[in-house]
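Asks: What follows is a single structure, and I will ask about it in a moment.
Numbering (UniProt numbering), first residue to last: 1 to 553.
The following block contains the structure:
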């Protein structure tokens, strides 16, 4: 390879590794920053896989700094670094650890998608086996790295003259590490086949679900579930392609080198670019969910503006808070994949569950205390309605004043226009002024006695807004009809309690629900006095005539 091509290849490899470091760092920041992401199993898997991917890409970016300083004739690959044997062993150990951990984490992610999509596992059920998702990748990486370190076989790879990374490679084919390397190649193959098997099962399940949904095309809920399943399955496929393609080429090239003694150098050059490219591609797949949701929320925003906002707000969230277009809000959950279950995706740990239970108990006690205080205030208002203000009169149970029988309800503006100017608290004068409803406050249901103007009958009806008296003996649910003579007797029985609640002379303002406040002059003028005296004289005459009739009988 000419020097110009070598320079171009080295610049390209370094650029790809640098971009992958940025992409992996963005994923880690996004997972750690938002609480919803930290509580999600899939986000934790992606975050830890990105951690190992970040170190792997960093080793590819700075590989020549770890190589020993060889003489030109003793260099195994023609490349002389600036390090020593200890730095080469350290970088080789880290490369073996995090390279194999990244591959195994992709298998854990594929198994997660299989259990979610095909077997319909809930997050609560997956929480029980989440430890295995993390334990197996790290155990596999540590096993390979420790085995390689025990044989002290880290050196610059002789496969490619410009690989520039310390890699575990055996010197003699009969050594123990030679057999271990071949075994490791088979483990790579098993991991790739397992990942492919999970992907195939997810694909077949989605295809089967689509055929079933075509028969029931009228069910909108089924379409929504199918669309979510497609999104999750597509994420699974993309993550598989990113890891499986370069590691498949590495495995095939390794088998060719060990068994066929034929090593494809162009294929190895391609692997040197594809392996560190995984961090960048994973970040693109990861931020697809946020990009799609932002495109839906801001359809007029250009695509480059959304992509730049995601990059800007993820890496530098504190420097660009004053920008009009923000791609991130705290705990927004835009990076989460759609849930395929009715349960919440978040699976809080034990400490969060204890804290939530304590907050629920504390809030329930606080709500009960508020309700008790509100009931005490309402009872105080009803019992304290002894003043002459209209507020106290209305709180005591006078809900409707209607001088004109054709008017309906407590329309105060119409009543004022129809001639109601004076409101007296005495029962007889209130009756003469047009009071048709008197409330009776009860703890369970509030009753109001309504006097009809035509047949002078009294009936009880529910009134959930106002109450009149607090006497426990009068708090009974009764419903009866009275003739004209019986109505007068009921009025006389209630007059004592009304007189206590509402004095005959008062001034105040009318407060109606949802309407403006209007001042009613509370004068005991000539019109009200004349009407009340006439009404009293009429009732006295009726009582005298009634007594005469009883004497005649």
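For glycine and all other residues, C-beta sits at the position ideal for the given N, C-alpha and C.
Cβ of residue 61 within 7 Å of Cβ of residue 98?
Replies: For residue 61 and residue 98, no; Cβs fall outside 7 Å.
Asks: Taking 7 Å as the cut-off, decide whether the C-beta atoms of residue 91 and residue 142 are in contact.
Replies: In this structure, residue 142 does not lie closer than 7 Å to residue 91 by Cβ.
Asks: Helix, strand or coil: how does DSSP classify residue 137 here?
Replies: Correct three-state label for residue 137: helix.
Asks: Cutting at 7 Å between CB atoms, please list the residues of its own chain near residue 133, excluding the five before and the five after it.
Replies: Excluding residues within five positions, the ones whose Cβ falls inside 7 Å are 45, 108 and 112.
Asks: Please report the straight-line C-alpha distance between residue 84 and residue 94, rounded to a whole angstrom.
Replies: Cα-Cα distance, rounded: 16 Å.
Asks: In angstroms with no decimal places, state the Cα-to-Cα distance between residue 197 and residue 318.
Replies: Cα-Cα distance, rounded: 43 Å.
Asks: Just reading off the alpha helix (DSSP H) that residue 313 is part of, what are its end residues?
Replies: Element bounds for residue 313: 303 to 315.
Asks: Can you find the residues in the same chain that come closer than 6 Å, C-beta to C-beta, to residue 238, ignoring five residues on each side of it along the sequence?
Replies: Cβ within range, chain order: 285.
Asks: By alpha-carbon positions, which one of 257, 192, 338 and 186 ends up nearest to residue 234?
Replies: The candidate whose alpha carbon is nearest that of residue 234 is 338.
Asks: If you draw a straight line from the C-alpha of residue 10 to the C-alpha of residue 131, how long is it?
Replies: Spanning the two alpha carbons is a distance of roughly 39 Å.
Asks: What first and last residue would you give for the alpha helix (DSSP H) that runs through residue 285?
Replies: Segment 278 to 286, the alpha helix (DSSP H) holding residue 285.
Asks: Taking C-alpha atoms, which residue in 105, 119 and 21 lies nearest to residue 139?
Replies: Comparing Cα positions, the closest option is 105.
Asks: Ignoring anything shorter than 3 residues, give me the beta strand (DSSP E) runs that lie fully in the stretch 7 to 60, in order along the chain.
Replies: The qualifying runs do not exist here; there are none.
Asks: Skipping 5 residues on each side, what residues in its chain have a beta carbon closer than 7 Å to that of residue 14?
Replies: Taken in chain order, the residues that qualify are 61.
Asks: Just the Cα atoms here: how many angstroms apart are residue 123 and residue 188?
Replies: Their Cα atoms are separated by approximately 29 Å.
Asks: Determine, for residue 5, whether the minimum Cβ-Cβ distance to residues of chain C falls below 7 Å.
Replies: Absence of chain C from the displayed structure is noted, only one protein chain being present.
Asks: Please check the pair residue 277 and residue 191, which I expect to be a contact at CB under 8 Å, by giving their CB distance rounded to whole angstroms.
Replies: That pair is no contact at about 19 Å.
Asks: Can you give me the start and stop residues for the alpha helix (DSSP H) that residue 269 sits inside?
Replies: Taken as a continuous stretch (DSSP letters only), the alpha helix (DSSP H) holding residue 269 covers 265 to 274.
Asks: So residue 129 is in the alpha helix (DSSP H); what residue range does that whole segment cover?
Replies: No alpha helix (DSSP H) holds residue 129; DSSP gives it neither H nor E.
Asks: Let me check understanding here. Comparing Cα to Cα, which of 283, 256 and 209 lies closest to residue 23?
Replies: Nearest option by C-alpha distance: 283.
Asks: Determine the DSSP secondary structure at residue 318, reduced to helix, strand or coil.
Replies: In the structure shown, residue 318 sits in coil (DSSP, three-state: anything other than H, G, I, E or B).
Asks: Got a sec, what are the start and stop residues for the alpha helix (DSSP H) residue 106 sits in?
Replies: Element bounds for residue 106: 85 to 117.
Asks: Helix, strand or coil for residue 299, going by three-state DSSP, please let me know.
Replies: Looking at residue 299 - three-state DSSP - the assignment turns out to be coil, as it is neither helix nor strand.
Asks: Give every residue of the same chain whose Cβ lies closer than 6 Å to the Cβ of residue 43, excluding the five residues on either side of it in the sequence, and list them in chain order.
Replies: 31 and 37.
Asks: Within a Cβ cutoff of 6 Å, which residues of the same chain sit near residue 4, ignoring the five residues on either side of it in sequence?
Replies: Same-chain partners within the cutoff: there are none.
Asks: Is the beta carbon of residue 250 less than 7 Å from the beta carbon of residue 271?
Replies: Yes. Within cutoff.
Asks: Distance, Cα to Cα, residue 274 vs residue 56?
Replies: The straight-line gap from Cα to Cα measures roughly 12 Å.
Asks: Under three-state DSSP, which class holds residue 68?
Replies: In this structure, residue 68 counts as strand in the three-state DSSP scheme.
Asks: Measuring alpha carbon to alpha carbon, tell me which of 268, 240, 243 and 242 ends up nearest residue 253.
Replies: Cα-wise, what sits closest to residue 253 is 268.
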